Structure formats: C-alpha cells, structure tokens
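Residue numbers for the sequence shown follow the working numbering, so the first one is 3 and each next one is one higher.
Positions of the beta carbon are idealized from the N, C-alpha and C atoms, including for glycine.
Owing to the predicted nature of the structure, the values given are computational and were not obtained by experimental measurement.
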Amino acid sequence: MAIANLGASHPLAIAHRGGALLGPENTAEAFRAAAAAGAAMVETDLRLTADGELVCLHDADLTRLAGDCRPVADTDLATLRAMLPDLLTLDEAISASAPLGLLLDVKLLDAAILPPILAVLTAKEALQRCVLGLRDSALLSAARRLSPNVALLAFATDPDATAEAKEAGAGWFRLWQADATEERMASIRTAGMRSVIMVGQPRSVALPGYPPFPVGRIDADGIRRVTALRPDAVMLDDPRQLIASRAVTALSPS
3 MAIANLGASH PLAIAHRGGA LLGPENTAEA FRAAAAAGAA MVETDLRLTA
53 DGELVCLHDA DLTRLAGDCR PVADTDLATL RAMLPDLLTL DEAISASAPL
103 GLLLDVKLLD AAILPPILAV LTAKEALQRC VLGLRDSALL SAARRLSPNV
153 ALLAFATDPD ATAEAKEAGA GWFRLWQADA TEERMASIRT AGMRSVIMVG
203 QPRSVALPGY PPFPVGRIDA DGIRRVTALR PDAVMLDDPR QLIASRAVTA
253 LSPS
C-alpha cells in the first residue's frame, strides 16, 4: 500500500515499536497484531550491528531486552539472534509489515547509513509504503538528495522547527504529545506537511506532569485531547485505543 493511499480514516494509527502492547516490540508478531487491530502503519527502529546488518532494535544496548550490557553496534547478528530469536532485519521487517505502511525510526546520525537503507527499500520495492524518520536537518537533506521520492519524517528536537524541516525535505513532522498545540499543528499544516503526534513522554518512566505516561502509552482522556488537535497520524503502543476513539466519534451526533 502506497503512503498516499493509507486510507480515509483519520488520524492514521501508527503502531509504535510495531505495536508494543500487542506483542514483543519490533517483532513480526507485533506487526501481525497491529494489522489485525486495524493500524495503517507500523513503526520500527533501525540500528546497525557490528557486522553491518540493519536490525530493528530501539535501544543502543541489550540491557533492557536481554540483560546484556553490550552495545548493539559492537555485537554481530548471530549473537543478537541467539539472545533475541525474534529479532528482525530490515529486509525481514519490510516483508513482515506488508501491506501496511512502514515508518523506520533511524537511530543513527551518520549519513553513511542512508544508502544501505535505501538500497534495501529499493530492492524490496518498498519505497512507496515506507517513511524514513530522521533526527536532524542534515540527514533529511542527505536522504532527499539520495532519493527524491522517499517520504521523510522529521524527528526534530525543536517542536518549532517546521520551516527548517520542510526546507530539508521532510513531508512529515513529529510532535510529542506535551508539545502538541493548536499553533504548532497549524504551523505544520501551513508548511504543507503531515503531522504525527507521539503519545506519552520521551522516557521509559514518566516524570510527574502531563502526560502522565511513558513513551507510547496513553489513556482515553489523552486520546480525546490528541484527536481534538486533528493530527494526520498518532503513534502509540496500542493502536486499538485510537481506532476505538475514531469509531466513537463517527457514531456521535454532529
């Protein structure tokens, strides 16, 4: 499914880490559950192993997932697979996510990572249904030069950097839930970009304050606040929460 044809239901449901409340994060099991739940896209993370393989892992090391403090970048694929049997390579994630859209959160900041990623997407004929999530303007610009047609999402640290992201080639812009305001959403729309709200806080354990949940988690009140801002997409661990909210809205009298 091409990114331009993800469906008429808005906001789009993006399953964070493949649907981390539906199955083990960033695995084919989670992808399948997200598809069954009605998600339009799955998001997964990309890192590079010691032997040059692109793998779907969020953390820089294996402490949380495998109780091993070794960095992913210093560990080869075979060793990672021995600890994490359900680990996906990029090639496998593309196949496992079809026909959903696929958002790739590229954790690396070196532009040298871009050609291998784009080569795999091209070889798998997946460019049309993939979005590259990149963390700075230099990476966005480099990706745009390498592939004029790839969809790019700005994971900007500055929630007001819409103009900079647009100039660098991004067509999508991510806001954290706590940063999402009417003014910022209007700025994204004015720039001609699609908006993505990432729910929760950017940490594994939420600090006091709003929103009161860690990354990917949200409650019904939070969903109402987020959808009232009319984003193009919402990224969350359990896409069923958003899909249920859309159904309630559709049934409500105008």
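Less than 7 angstroms between C-beta atoms, sequence neighbours within five positions excluded: which residues of the same chain meet that for residue i?
| i | result |
| --- | --- |
| LEU67 | ASP61 and LEU86 |
| VAL207 | PRO216 |
| HIS18 | GLU45, GLY218, MET237, LEU238 and ASP239 |
| ASP53 | ASP78 and LEU79 |
| ILE190 | THR164, PHE175 and SER197 |
| ALA22 | ALA32, GLY218 and ASP239 |
| ARG137 | LEU111 and PHE157 |
| GLN243 | ILE220 and ILE225 |
| ARG72 | ASP63 and LEU64 |
| GLU55 | LEU79 and THR91 |
| PRO210 | none |
| ASN151 | LEU129 |
Checking 8 angstroms against the spacing of the C-beta atoms, do residue i and residue j come in under that value?
| i | j | result |
| --- | --- | --- |
| ALA114 | SER139 | no |
| ALA158 | LEU116 | no |
| PRO13 | ALA235 | yes |
| LEU82 | ILE119 | no |
| ASP88 | THR29 | yes |
Residues in its own chain within less than 8 angstroms of residue i by CB, not counting five upstream and five downstream?
| i | result |
| --- | --- |
| ILE5 | GLY103, GLN130, ARG131, CYS132, VAL133 and ALA153 |
| ALA222 | GLN243 and SER247 |
| MET187 | LEU177, SER197, LEU231, ARG232 and PRO233 |
| ARG205 | PRO216 and VAL217 |
| PRO213 | GLN179, ALA180, VAL201, GLY202, GLN203, ILE220 and GLY224 |
| LEU148 | LEU116, PRO117 and LEU120 |
Alpha carbons only, please: which of the options is nearest the one belonging to residue i?
| i | options | result |
| --- | --- | --- |
| ILE220 | GLY54, GLN179, ALA121 and ALA193 | GLN179 |
| GLU27 | LEU110, LEU90, LEU244 and PRO101 | LEU90 |
| LEU231 | CYS71, VAL201 and PRO216 | VAL201 |
| ALA156 | ALA172, SER143 and ALA144 | ALA172 |
| ALA182 | ARG242, GLN203, ALA165 and ASP112 | GLN203 |
| LEU79 | LEU50, THR65 and LEU123 | LEU50 |
| ARG226 | ALA246, GLY211, PRO210 and PRO118 | ALA246 |
| PRO233 | LEU209, ALA222, TYR212 and GLU185 | GLU185 |
| PRO101 | ALA37, GLU55 and LEU148 | ALA37 |
| PRO241 | ARG205, PRO214 and ILE199 | ILE199 |
Using a threshold of 7 angstroms, is the CB atom of residue i nearer than that to any non-hydrogen atom of the ligand ZN?
| i | result |
| --- | --- |
| ALA35 | As presented, the structure is devoid of all ligands, the ligand ZN included, so that no description of it is given. |
Please check the pair residue i and residue j, which I expect to be a contact at CB under 8 angstroms, by giving their CB distance rounded to whole angstroms.
| i | j | result |
| --- | --- | --- |
| ALA163 | ALA193 | Their Cβ separation, rounded to whole angstroms, is 10 angstroms, which puts ALA163 and ALA193 out of contact at 8 angstroms. |
| ILE16 | ALA39 | Not confirmed; about 12 angstroms, so no contact. |
| LEU106 | GLY69 | 27 angstroms between Cβ atoms; not a contact. |
| LEU177 | PRO161 | 6 angstroms |
| ASP47 | LYS109 | 6 angstroms |
| VAL74 | LEU64 | 7 angstroms |
| ALA128 | ILE96 | 5 angstroms |
Apart from the five residues just before and just after residue i, which ones in its own chain have a Cβ nearer than 6 angstroms to its Cβ?
| i | result |
| --- | --- |
| PHE33 | GLY20, VAL44, ALA98 and SER99 |
| GLY25 | GLU31, ALA32 and ALA35 |
| ASP76 | ALA52 |
| ARG146 | GLY171 |
Measuring only between beta-carbons, confirm whether residue i sits less than 8 angstroms from chain B.
| i | result |
| --- | --- |
| SER197 | Here there is only one protein chain, and chain B is not present. |
Any chance you could list the alpha helix (DSSP H) runs of at least 4 consecutive residues sitting entirely within the stretch 79-146, in chain order?
Taking only runs of at least 4 residues, the alpha helix (DSSP H) segments lying wholly in the stretch 79-146 are 79-85, 92-99 and 116-125.
Entirely enclosed alpha helix (DSSP H) segments - the stretch 151-218, minimum 4 residues
As summarised for the stretch 151-218, the continuous alpha helix (DSSP H) elements at least 4 residues long and confined to that stretch are 164-170 and 184-192, given in chain order.
What are the complete beta strand (DSSP E) segments, minimum 3 residues, inside the stretch 12-73?
The stretch 12-73 contains these whole beta strand (DSSP E) runs: 14-17, 43-50 and 70-73.
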